[in-house]
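Numbering (mature numbering (1 follows the signal peptide of the UniProt record, and there is no 0)), first residue to last: -24 to -1, 1 to 361.
Note that CB positions come from ideal geometry on N, CA and C, so glycine has one too.
None of the values given here were measured: they were computed from a predicted structure.
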Amino acid sequence: MNSLARKLLFCVSFLLALIFYARARFYRDPGSIFFDKTRAYQQVYSHHRLLETEEFIRATKKEAGEYEKASDNATLCVAISSVKRQRTNYLETTIAGILAGLTPQERGALYLSVFISETDPEKHPSYRSPWIPRVVDNFHTYDVFEHRLELLQDMEREERFLEKGVYDYRTALQDCYKSGAPYIAVFEDDILMADGWMVRTLLGLREVERRAEDWLYMRLFNQERSIGWAGKHIGGNYEFPIIALLSGAILAPTYFLRSRFRFFRVHLESIMVISLFLIPSLVILFYQCGKASLMPPRDGIYAQKFGCCAQAMVMPRGQIPTLRSFLRMEKAGQMDTLLNRRARRAKLMRYAFYPVQAQHIGKISFSFITKQQLTLDRPGFGTTY
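In structure tokens form, the structure reads like this:
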């Protein structure tokens, strides 16, 4: 076997070893080519947290007397807008995930409002629940004039969900605004909160206030397919310019220095293999492994203009009146898109909290999973299962 063949064989062996390692480690990252749905959906921390919420529901249903409620000077109001789902109702699990594990001081600082956003609330399986009004601070449905109710019924009948969703979001914001809390959050009704989410959120808000005067939201939820490296196909993340730059940085000095330095003449073949084969292969493999696998965000608060979705957003009270007016003018759309549009137009900062404190458990809506999601030894988890 000649020298060139040996060098190429060594490079191929090295790359195969890296590929086997990536297949074994990065199968939970939906942004990775090695994502494997047959293994990715194993539940670890999420299962543990679901057991905690189930125990919370059982315990509070057995308890006699009134459950602890928010104090008169609550710091954070969380509004949940809930609709009837086709198969599974997650509302009780969502509420339990918010409340389970809170200390009395944390519960006193939290005002929890649940809004049944069905024009016929009897359709919602939780509307007659005796448990929900007992543990939350506000439980209600539409309280509007007849002509407004007819418009909402038209939206439901004609399946104008993007329009009705914006109206319901405005209503949820107003519910919390009335509470007087300085911070207002809107959570979707199919999420699971991590243990300790409340204190981490308040600490995160303190840090955000220290950094910026004008900000729109701090997201507690994100999914790793929306934090960069959007393209999974080769070349979708500028791999070819990167390859050209790196290989050129090696080949150009070699070309000019080979006549003056013996080192470059002796190792010319190796330099060519590295520049023309190994570097391109490593760059492509690096991006194919996925950003969440190789460069997961560190814990903390980050100014972040991108992200998905609107499952759990926290906003300062002062932004709510203008935000509601903006949503009234926009009328319809995806909420995360509309919030980002509002932030861009008003030049407001947007922040993300890591590790994420909310997990999307709506199996009908989404079917992907993330690397951070099911790790028991992390305080947060990922996006969806």
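### Message
Whole angstroms are fine: how far does the CA of ALA225 sit from the CA of LEU350?
### Response
The residue given as residue 350 occupies position 374 in the sequence shown. The residue given as residue 225 occupies position 249 in the sequence shown. Any answer about LEU350 is weak, because its pLDDT of 35 lies below 50 and its placement is not dependable; what the coordinates show is given next. For LEU350 and ALA225, the distance between alpha carbons rounds to 41 Å.
### Task
Can you check the stretch 230 to 295 for any alpha helix (DSSP H) of at least 4 residues that lies completely inside it and give the ranges in chain order?
You should have 238 to 242, 244 to 249, 255 to 265 and 267 to 270.
### Message
Check whether the stretch 179 to 197 and the stretch 82 to 96 touch, using three or more Cβ-Cβ pairs below 8 Å as the test.
### Response
Not touching, per the Cβ criterion.
### Message
What residue range does the beta strand (DSSP E) around LEU78 cover?
### Response
Stepping through the sequence shown from its first residue, residue 78 is reached at position 102. Counting along the chain, no beta strand (DSSP E) covers LEU78, and no H or E run does either.
### Query
Taking Cβ positions, are THR230 and LEU244 nearer each other than 8 Å?
Start at 1 with the first residue of the sequence shown, and residue 230 comes out as number 254. Start at 1 with the first residue of the sequence shown, and residue 244 comes out as number 268. Yes, they are a contact pair.
#### Entry: DSSP-derived helix/strand/coil call for VAL118
Locating residue 118 in the sequence shown gives position 142, counting from the first residue. Per the sequence shown, the amino acid found at residue 118 is Tyr instead of Val. Look at TYR118 here: in three-state DSSP terms it is coil, with no helix or strand label.
#### Entry: Endpoints, beta strand (DSSP E) assigned at GLN335
Position 359 of the sequence shown, counting from 1, holds the residue named residue 335. Element bounds for GLN335: 334 to 336.
### Expected contact under 8 Å - CB spacing of ASP113 and LYS37 to nearest Å
The residue labelled residue 113 in the question sits at position 137 within the sequence shown. The residue labelled residue 37 in the question sits at position 61 within the sequence shown. Between the beta-carbon of ASP113 and that of LYS37 there is about 18 Å, and that puts the pair past the 8 Å contact cut.
### Assigned exposure category for ASN49 - 16 Cβ within 10 Å defines buried
Walking along the sequence shown from the start, residue 49 turns up at place 73. By the Cβ neighbour-count rule, ASN49 is exposed, with fewer than 16 other Cβ atoms within 10 Å of its own.
### Message
Between which residues of its own chain and VAL(-13) is the CB-CB distance below 7 Å, once the five residues before and five after are set aside?
### Response
Locating residue -13 in the sequence shown gives position 12, where the first residue counts as 1. Once the five neighbours on either side are set aside, VAL(-13) has no close Cβ partner at all.
### Task
For PHE(-11), count neighbouring C-beta atoms within 10 Å of its own C-beta (all shown protein chains included) and say buried if the count is 16 or more, exposed if not.
Residue -11 sits at position 14 when you count from the first residue of the sequence shown. PHE(-11) should be labelled exposed.
### Task
Please go through the same chain and pick out, in chain order, the residues whose beta-carbon is closer than 7 Å to the beta-carbon of GLN150, but skip the five residues on each side of it.
Reading the sequence shown from its first residue, position 174 is the one you call residue 150. The residues are ARG300.
### Message
Only counting the same chain, and skipping five residues up and downstream in sequence, which positions put a Cβ closer than 6 Å to that of PHE10?
### Response
The sequence position of residue 10 within the sequence shown is 34, counting from 1. If we look at PHE10 and ignore the five residues flanking it on each side, its Cβ neighbours are ALA(-3), ARG(-2), PHE2 and TYR3.
### Task
Tell me whether the beta-carbon of ASP275 lies closer than 8 Å to the beta-carbon of PRO217.
Mapped onto the sequence shown, residue 275 falls at position 299. Mapped onto the sequence shown, residue 217 falls at position 241. At least 8 Å separates the beta-carbon of ASP275 from that of PRO217.
### Task
List the DSSP bridge partners of CYS53.
The sequence position of residue 53 within the sequence shown is 77, counting from 1. In the DSSP secondary-structure assignment, CYS53 is bridged to TYR87 and ILE160.
### Proximity to TYR327 [Cα-Cα], best of ARG320, ARG293, ILE296 and LYS281
Position 351 of the sequence shown, counting from 1, holds the residue named residue 327. Comparing alpha-carbon positions, the option among ARG320, ARG293, ILE296 and LYS281 lying closest to TYR327 turns out to be LYS281.
### Task
Compute the Euclidean distance between the alpha carbons of ASP190 and ASP5, then round it to the nearest angstrom.
Residue 190 sits at position 214 when you count from the first residue of the sequence shown. Residue 5 sits at position 29 when you count from the first residue of the sequence shown. ASP190 and ASP5 have their alpha carbons spaced roughly 34 Å apart.
### Query
Going along the chain, which residues of its own chain have a beta-carbon closer than 7 Å to the beta-carbon of LEU252, five neighbours each way excluded?
As a position in the sequence shown, residue 252 is number 276, starting the count at 1. Cβ neighbours of LEU252 beyond the five flanking positions: SER223.
### Query
If you count every other CB in all the chains shown that lies within 10 Å of the CB of MET289, and 16 or more means buried, which is it?
Counted from its first residue, the sequence shown places residue 289 at position 313. Using a 10 angstroms sphere on the CB of MET289, the tally of other CB atoms reaches 16 or more, which defines it as buried.
#### Entry: First and last residue of the uninterrupted alpha helix (DSSP H) at TYR143
Start at 1 with the first residue of the sequence shown, and residue 143 comes out as number 167. Note, TYR143: alpha helix (DSSP H), 137 to 155.
### Message
On the DSSP letters alone, give me the boundaries of the beta strand (DSSP E) that ARG326 sits inside.
### Response
By one-based count along the sequence shown, residue 326 stands at place 350. Residue range 325 to 330 is occupied by the beta strand (DSSP E) that includes ARG326.
### Close beta carbons around PRO101, own chain, < 6 Å, minus the five adjacent residues each side
Numbered from 1 along the sequence shown, position 125 holds the residue referred to as residue 101. ASN65.
### Task
Find the nearest neighbour of GLY212 within the set LEU178, ARG293, ASP130 and GLY266, judged by alpha-carbon distance.
By one-based count along the sequence shown, residue 212 stands at place 236. Proximity to GLY212 across LEU178, ARG293, ASP130 and GLY266 peaks at GLY266, based on C-alpha coordinates.
### Message
For a test of the three-state rule: what should DSSP assign to TYR66, helix, strand or coil?
### Response
The residue labelled residue 66 in the question sits at position 90 within the sequence shown. In the three-state reduction of the DSSP assignment, TYR66 falls in the coil class, being assigned neither a helical nor a strand state.
### Query
Got a sec? Which residues, its chain only, sit under 6 Å from GLN264 by beta carbon, not counting five neighbours each side?
Counted from its first residue, the sequence shown places residue 264 at position 288. If we look at GLN264 and ignore the five residues flanking it on each side, its Cβ neighbours are ILE9.
### Message
With a threshold of 8 Å, are at least 3 pairs of Cβ atoms found where one atom belongs to the stretch 26 to 41 and the other to the stretch 116 to 134?
### Response
Under the three-pair Cβ rule at 8 Å, the stretch 26 to 41 does not count as touching the stretch 116 to 134.
### Message
Please classify SER341 as buried or exposed, where buried requires at least 16 neighbouring CB atoms within 10 angstroms.
### Response
For the purposes of this step, residue 341 is taken as residue 365 along the sequence shown, with counting starting at 1. Because SER341 carries a pLDDT of 40, less than 50, the predicted location of this residue cannot be relied on, and no value is offered for it.
#### Entry: Span of the beta strand (DSSP E) around ILE167
Counted from its first residue, the sequence shown places residue 167 at position 191. Residues 167 to 169.
### 8 Å Cβ cutoff met for ALA268 and GLY7
One-based indexing of the sequence shown puts residue 268 at position 292. One-based indexing of the sequence shown puts residue 7 at position 31. A contact, by the Cβ cut-off of 8 Å.
### Query
Between the beta-carbon of ASP171 and the beta-carbon of GLY84, is there less than 8 Å?
Counting from one through the sequence shown, the residue named residue 171 turns up at place 195. Counting from one through the sequence shown, the residue named residue 84 turns up at place 108. Here ASP171 is not near GLY84, since their CB atoms are 8 Å or more apart.
### Task
Using the DSSP secondary-structure output, state which residues sit across from TRP191 in a beta bridge.
The residue given as residue 191 occupies position 215 in the sequence shown. Beta-bridge partners assigned by DSSP to TRP191: MET325.
### Query
Quick one, are the C-beta atoms of PHE163 and THR70 less than 8 Å apart?
Within the sequence shown, residue 163 is the residue found at index 187, counting from 1. Within the sequence shown, residue 70 is the residue found at index 94, counting from 1. Yes. Within cutoff.
### Query
Whose C-alpha, out of VAL259, CYS53 and ASP96, is nearest the C-alpha of LEU178?
In the sequence shown, the residue the question calls residue 178 occupies position 202. That would be CYS53, whose Cα lies nearest to the Cα of LEU178.
### Message
Which residues does DSSP list as the beta-bridge partners of SER58?
### Response
Here the question's residue 58 lines up with position 82 in the sequence shown. When DSSP reads this structure, SER58 sits in a beta bridge with ILE92.
### Query
What are the start and end residues of the alpha helix (DSSP H) that includes TYR(-6)?
Taking the first residue of the sequence shown as position 1, residue -6 is located at position 19. With the sequence shown as reference, residue -6 is identified as Ile, and Tyr is not the correct amino acid for it. If you look at ILE(-6), you'll find it in the alpha helix (DSSP H) that goes -22 to 1.
### Task
Could you please give the first and the last residue of the uninterrupted alpha helix (DSSP H) stretch that includes HIS24?
Taking the first residue of the sequence shown as 1, we reach residue 24 at position 48. For HIS24, the uninterrupted alpha helix (DSSP H) run begins and ends at 21 to 38, by DSSP.
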